[in-house]
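Below is one structure, written out as structure tokens; comments come after it.
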Amino acid sequence: MRLYIAGGCGEHGRNCFLVEGKCVNFLVDCGVMAGEEGGGYPRLSAEQAQRLRCVFLTHSHADHTGALPWLRSMGYTGPVIASRHTLEQLPFHLEAELPLEELCPGGEGSYDGVHIQWGRSGHCVGSVWYRFSMERKSILFSGDYTENTQVYVTEPIRGQTADVAVLDCAYGSDRVSYADACGYLTEKVRRLLAQYGLLVFPVPKYGRGLELLQLFRQSGLEGPIFGDSHFLREIEKTEEYHGWMKPAAGTLQNAAAPYSETEKQGILFISDPQLRSPAARDAVRTVLALGGHAVMTGTVEHGSFSAQLVKDGQMELLRYPVHLNLRQMEALAGKNPFARVIPYHSAEITAEPICSF
């Protein structure tokens, strides 16, 4: 068996892994590197794309899925396999899709000679980890993974054997614990609210926003909370997300309201982290014109409107952890008998592009 790393190691983005065997050929994720010339596509040839039997997705974020239309243009004709929610969240049409819940009910099944196990990874609704076994070999992919969550369910990776494990290590050598990161974030937000009155948080459409909402409510931050239409819909859909969200998520109903431009106090969530849409940029400009301030809790992409706000001193960078750091990744690896571990999702940690196992 062979693992070919087409992206995602030694960089934060372009996550894409090709598993090749005598009778097996499949991809795990197919993401883009935002802001890179030429589209930031995976390092795959047309021949490799055309030989693929299927593609598995860990979740819907663009750094894991954004290159799927490009993959089709390269000649891939097979199915895309992912959780039902992940497939629903994709912003483009797929010609062939296969919900993971139908293929592997109860977390286990098989496809084209590959035995599959999967579990919820805690990153967002629909996000999963996988363990594949075939041709007497096994490989595990954590996807974007965390066991420290406010509202999302994680099925911890425990006692899983694998010849190779590709594990989330997005925060690299950062050694800050989840509790300390949350404590620093909430205290800083409290101070910024006292200084500016109104704060705007650009967040992904799926994932971190609801985590922050619950954290702020649990931390007793005072003032109203607002959201754009997408954010409010995600709150309304928490009952539909049964099994993916903790029971505490049920308390999020009515926790946020639509924003009125007359409001000068509170927190506003915008479902567009890099502020690519004109509507998102206009909303942030309105907040800034009212004397407010912007806060980014994830990665700022080069060349984005968010990056410009950081440069201009109008956006604060305060991380909310939705990945593992090196210490956490090593602790996770220590709870499973993996023969070899490959950290991914970090620009700090590189790996050889080909791993035979």
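Our numbering numbers the first residue of the sequence shown as 26 and each following residue consecutively. Glycine residues also receive a C-beta, built at the ideal position from the N, C-alpha and C atoms.
Neighbourhood of residue 381 by C-beta, 6 Å cutoff - its chain only, sequence neighbours within 5 removed: Residue 381 sits at position 356 when you count from the first residue of the sequence shown. Non-local beta-carbon contacts of residue 381 in its own chain, meaning distances under 6 Å to residues more than five positions away in sequence, involve 27 in chain order.
Residue 294, DSSP secondary structure in three states: Within the sequence shown, numbered from 1, the residue matching residue 294 stands at position 269. Reduced to three states, the DSSP call for residue 294 is strand.
Burial state of residue 83, where buried means 16 or more other Cβ atoms lie within 10 Å: Here residue 83 refers to the residue found at position 58 when the sequence shown is read from its first residue. The residue in question, residue 83, is buried, as its Cβ has 16 or more Cβ neighbours within 10 Å.
Inter-residue spacing [alpha-carbon to alpha-carbon] between residue 365 and residue 376: By 1-based counting over the sequence shown, the position of residue 365 is 340. By 1-based counting over the sequence shown, the position of residue 376 is 351. Taking the straight line from one Cα to the other gives about 12 Å.
Coil, strand or helix - residue 179 by DSSP: Taking the first residue of the sequence shown as 1, we reach residue 179 at position 154. Reduced to three states, the DSSP call for residue 179 is strand.
Boundaries of the beta strand (DSSP E) in which residue 187 is found, first to last residue: Here residue 187 refers to the residue found at position 162 when the sequence shown is read from its first residue. Residue 187 -> no beta strand (DSSP E), and no H or E assigned at all.
Proximity of residue 50 and residue 182 at Cβ, strictly below 9 Å: Residue 50 sits at position 25 when you count from the first residue of the sequence shown. Residue 182 sits at position 157 when you count from the first residue of the sequence shown. No, the Cβ-Cβ distance between residue 50 and residue 182 is not below 9 Å.
9 Å Cβ cutoff met for residue 132 and residue 142: Position 107 of the sequence shown, counted from the start, is the residue given in the question as residue 132. Position 117 of the sequence shown, counted from the start, is the residue given in the question as residue 142. Taking 9 Å as the Cβ cut-off, residue 132 and residue 142 qualify as a contacting pair.
Three-state secondary structure (DSSP) of residue 262: Against the sequence shown, residue 262 aligns to sequence position 237. In the displayed model, residue 262 falls within a helix according to three-state DSSP.
Own chain, CB closer than 8 Å to residue 76, minus 5 neighbours either side, in chain order: As a working note, residue 76 is residue 51 in the sequence shown. The beta carbon of residue 76 lies closer than 8 Å to those of 50 in the same chain, with the five residues before and after it left out.
Residue span of the beta strand (DSSP E) that contains residue 223, given as start and end: Here the question's residue 223 lines up with position 198 in the sequence shown. Segment 223-227, the beta strand (DSSP E) holding residue 223.
Buried or exposed (CB count within 10 angstroms, at least 16 for buried), residue 209: Here the question's residue 209 lines up with position 184 in the sequence shown. Classification for residue 209: exposed.
Buried or exposed by the 16-neighbour rule on C-beta atoms within 10 Å, applied to residue 157: For the purposes of this step, residue 157 is identified with residue 132 of the sequence shown, where counting begins at 1. Around the C-beta of residue 157, 16 or more other C-beta atoms lie within 10 Å, and the residue is accordingly described as buried.
Residues near residue 275 by beta carbon distance below 7 Å, same chain, minus five either side: The residue labelled residue 275 in the question sits at position 250 within the sequence shown. Correct list, in chain order: 263.
Cβ-Cβ distance between residue 363 and residue 189 below 9 Å: In the sequence shown, the residue the question calls residue 363 occupies position 338. In the sequence shown, the residue the question calls residue 189 occupies position 164. Yes; because the gap between Cβ atoms is below 9 Å, this pair is in contact.
Environment of residue 63 [buried if 16+ CB atoms lie within 10 Å]: Numbered from its first residue, the sequence shown carries residue 63 at position 38. If you draw a 10 Å sphere on the C-beta of residue 63, you find fewer than 16 other C-beta atoms in it, and that means exposed.
Extent of the continuous beta strand (DSSP E) to which residue 95 belongs: Sequence index remark: in the sequence shown, residue 95 carries index 70 (1-based). First-last for residue 95: 93-98, but that is the alpha helix (DSSP H), not the beta strand (DSSP E).
Residue 349 versus residue 198 - alpha carbon distance: By 1-based counting over the sequence shown, the position of residue 349 is 324. By 1-based counting over the sequence shown, the position of residue 198 is 173. In this model, residue 349 and residue 198 are separated by some 10 Å (Cα to Cα).
DSSP-derived helix/strand/coil call for residue 193: Here residue 193 refers to the residue found at position 168 of the sequence shown. Shown here, residue 193 sits in a strand according to DSSP, grouped into three states.
Proximity of residue 92 and residue 65 at Cβ, strictly below 9 Å: Translated into positions along the sequence shown, residue 92 becomes position 67. Translated into positions along the sequence shown, residue 65 becomes position 40. Against a cut-off of 9 Å, the Cβ pair of residue 65 and residue 92 comes out as a contact.
Collapsed DSSP secondary structure at residue 300 in the structure displayed: On the sequence shown, residue 300 is found 275 positions in, with the first residue counted as 1. The answer is coil: DSSP assigns residue 300 none of H, G, I, E or B.
Where residue 343 falls: helix, strand or coil (DSSP): In the sequence shown, residue 343 corresponds to position 318, counting from 1. Three-state result, residue 343: coil.
Status (buried if at least 16 other CB within 10 Å, exposed otherwise) for residue 38: Reading the sequence shown from its first residue, position 13 is the one you call residue 38. Sixteen is the threshold: when 16 or more other Cβ atoms of the shown chains lie within 10 Å of the Cβ of residue 38, as they do, the residue is buried.
Burial state of residue 194 (16 or more Cβ within 10 Å): Taking the first residue of the sequence shown as 1, we reach residue 194 at position 169. Note on residue 194: 16 or more other CB atoms within 10 angstroms of its CB, so buried under the neighbour-count rule.
Sequence-distant residues of the same chain with beta carbon closer than 7 Å to residue 300, five excluded per side: Start at 1 with the first residue of the sequence shown, and residue 300 comes out as number 275. Residues 227, 306, 309, 329, 330, 331 of the same chain have their beta carbon placed closer than 7 Å to that of residue 300, with the five preceding and five following residues left out of the count.
Identity of the residue in 36, 160, 258 nearest residue 44 by Cα: Taking the first residue of the sequence shown as 1, we reach residue 44 at position 19. Selected option, being the one with the closest Cα: 160.
Length of the line joining the Cα atoms of residue 315 and residue 297: In the sequence shown, residue 315 corresponds to position 290, counting from 1. In the sequence shown, residue 297 corresponds to position 272, counting from 1. One C-alpha to the other measures close to 20 Å.
Own chain, CB closer than 7 Å to residue 94, minus 5 neighbours either side, in chain order: Position 69 of the sequence shown, counted from the first residue, corresponds to residue 94. In its chain, beyond the 5 residues on either side, 117 have a beta carbon closer than 7 Å to the beta carbon of residue 94.
Residue 283 versus residue 224 - alpha carbon distance: The sequence position of residue 283 within the sequence shown is 258, counting from 1. The sequence position of residue 224 within the sequence shown is 199, counting from 1. Whole-angstrom Cα-Cα distance: 15 Å.
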